[in-house]
């Protein structure tokens, strides 16, 4: 079987248990804002000093909240496992995971070779890799917070550049009155490879 041909953009962020929900909401909202092709009134939010542009669409907000809650619950379960598998948790208490957003074309499925089912074809994927550090001291908390702010800003900037520079693969928009492209959000999709060692050690927190 051949591998997929659609673009897969990868972003990485760092957080701690107190900021992980806000960080995930921020980066997921950014991606949807960049790839939601209908007339909307954008909203601006501040997340850890980083300006986040949001599509402000209730169904998207609800889906993001559901997936973020699932991610946090799953991460907590994996971190509490005495023998975590696939690198989901580390000895210092930090955990790793990822959330994937996929956009589909429901109108031009016959023109693509690589299909998802009979009705929809993925034309773009965003993989957000998250390392959740568990700082134990005040100095560690300060380092983690600064790194969290830095990685969130970097991820938001990178997402904007990728979305603006890579547009040729976007299918034709045939309906202006509604969102033309279905989307899905997956938490730790089982067919994805385990993540490499987390960022906590690389940035010298532990």
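Residue numbers (the working numbering): 47 to 252. No residue lacks a Cβ here, since even glycine has one placed at the ideal position from N, Cα and C. Nothing here was measured: the structure is a model prediction, and the numbers come from that model.
If you scan the region 161–222 from start to end, which runs of the beta strand (DSSP E) of 3 or more residues do you find wholly inside it? 167–178
Under DSSP, the beta strand (DSSP E) around residue 141 begins and ends at which residues? Locating residue 141 in the chain shown gives position 95, where the first residue counts as 1. Counting along the chain, the beta strand (DSSP E) containing residue 141 begins and ends at 141–151.
If residue 180 sits next to residue 63, beta carbons under 8 angstroms apart, how far is it from one beta carbon to the other, in whole angstroms? In the chain shown, the residue the question calls residue 180 occupies position 134. In the chain shown, the residue the question calls residue 63 occupies position 17. With 8 angstroms as the limit, residue 180 and residue 63 qualify as a contact, their Cβ atoms being about 7 angstroms apart.
Among 121, 233, 218 and 203, which one has its Cα closest to the Cα of residue 80? Along the chain shown, one-based indexing puts residue 80 at 34. Residue 80 has its Cα closest to that of 203, out of 121, 233, 218 and 203.
Does the region 192–212 come into contact with the region 104–115, if we say contact requires no fewer than three beta-carbon pairs (one atom in each stretch) closer than 8 angstroms? no
Closest by CA to residue 72, which one among 119, 144, 142 and 90? Sequence index remark: in the chain shown, residue 72 carries index 26 (1-based). Nearest C-alpha to residue 72: 90.
Straight-line CA distance for residue 100 to residue 209? The residue labelled residue 100 in the question sits at position 54 within the chain shown. The residue labelled residue 209 in the question sits at position 163 within the chain shown. Their backbone Cα atoms lie some 15 angstroms apart in a straight line.
Could you give the C-beta distance for residue 93 and residue 174, rounded to a whole number, given that I count them as a contact under 8 angstroms? Residue mapping note: residue 93 aligns to position 47 of the chain shown, counting from 1. Residue mapping note: residue 174 aligns to position 128 of the chain shown, counting from 1. The Cβ separation is near 14 angstroms, so there is no contact.
Contact set for residue 118: own chain, Cβ-Cβ below 7 angstroms, skip 5 residues either direction: What you label residue 118 is simply residue 72 of the chain shown in a count that begins at 1. The answer, listed in chain order, is 66 and 67.
For residue 155, name the three-state secondary structure that DSSP assigns. As a first step, residue 155 must be located in the chain shown, where it is residue number 109. Its pLDDT being 44, under 50, residue 155 is placed unreliably by the model, and the measurement read from it follows with that caveat. Residue 155: helix per DSSP, three-state reduction.
At least three beta-carbon pairs within less than 8 angstroms, the region 181–194 to the region 142–149: Two segments are said to touch when three or more pairs of C-beta atoms, one from each, lie closer than 8 angstroms; by this definition the region 181–194 does not touch the region 142–149.
Helix, strand or coil at residue 134 [DSSP, three-state]: Position 88 of the chain shown, counted from the first residue, corresponds to residue 134. Since pLDDT at residue 134 reaches only 44, below the 50 mark, its modelled position is unreliable, and the value read off the structure follows with that caveat. Here residue 134 sits in coil by DSSP.
Residue 88 classed as buried or exposed, judged by whether at least 16 other C-beta atoms fall within 10 angstroms: The sequence position of residue 88 within the chain shown is 42, counting from 1. It counts as exposed.
What residue range is occupied by the uninterrupted beta strand (DSSP E) comprising residue 66? Numbered from its first residue, the chain shown carries residue 66 at position 20. Bounds of any beta strand (DSSP E) do not take in residue 66; it lies within the alpha helix (DSSP H) bounded by 66–81.
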